[in-house]
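Residue numbering for the sequence shown follows the numbering used here, beginning at 564 and increasing consecutively.
Using N, Cα and C, we set each Cβ at its ideal position, and we do this for glycine too.
Accompanying notes for the structure given below.
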Amino acid sequence: MWIVYAIGSSFFAGITAILAKCGIRKTDSDVATAIRTIMVLLFSWLMVLGTGTIWGIVNIDGKTVLFLVLSGLATGASWMCYFRALQKGDINKVVPIDKSSTILTILLALIFLHEGVTAGKLFSVVLIGLGTMLMITRKNSQRADTGQAETHWFLYAVLSAVFASLTSILGKVGIQDIDSNLGTAIRTCVVLVMAWVMVFVTGQQHSMHGLNRKDLLFLGLSGLTTGL
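Below is the structure:
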């Protein structure tokens, strides 16, 4: 059954990337992250209420809270870097780098969670790495003066992948003793606070007045597919 959820996650992640790219063309990436996180938060708590797992919050211990908070911070950092990379780079290059976090996640799971690594898994990791390199390789026909812009989006995309890997490891530890929906909802609260703090720290709250309904719609749909 887990493979069905995994395939669904990949499907909605692809849609999320398209919707996010459409929503941030004229919107600051930090503002976009903060807005879409509101939708993710609403959806995640609706799932908690719908499944009746909200009462599990009284049984959460300090260790679980710590790892959920750390996972939330890593998630927030990953989303911010991901949106910044999408804003500056091509979606068909940013997404493969972000999804290459699978490689680092497998390595971190081996080190910290002691999950075994088979020969087939190692071979798959190599294929993912090679495939990512082929997808992001610059064509010779590209202009040389785009080097600085390429470096910017690439750096944010790599950071997005690193933080996404940390999110997976920390989240795995944080939801061991609680329902996954409840863990996601709590973690999203941390992301929301972090995102809006960044908006006010960078002084981008004033740019929200210039948002149009189309951008808000795409960001809202992006948040919805992220929750799914």
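| field | Alpha-carbon spacing of His-715 relative to Ala-648, whole angstroms | value | 8 Å
| request: For Glu-678, collect the residues of the same chain with a Cβ closer than 7 Å to its Cβ; drop the 5 residues on either side in sequence, then sort them by chain order. | output: Ala-672
| said: Cutting at 6 Å between CB atoms, please list the residues of its own chain near Met-610, excluding the five before and the five after it. | reply: Asn-744
| Cys-752: which of Arg-599, Ala-583, Thr-590, Phe-574 sits nearest, CA to CA? | Arg-599
| Assigned secondary structure, Val-680 (DSSP; H/G/I helix, E/B strand, else coil) | coil
| request: Using the Cα positions of Val-594 and Gly-639, report the straight-line distance between them to the nearest angstrom. | output: 12 Å
| So Gln-767 is in the alpha helix (DSSP H); what residue range does that whole segment cover? | That residue, Gln-767, is in no alpha helix (DSSP H); it is neither H nor E in DSSP.
| said: Please state the DSSP three-state secondary structure of Ile-617. | reply: helix
| Quick one: what does DSSP say Val-777 is sitting in, helix, strand or coil? | Checking the displayed sequence, the identity of residue 777 turns out to be Lys instead of Val. Residue state, collapsed to three classes: helix.
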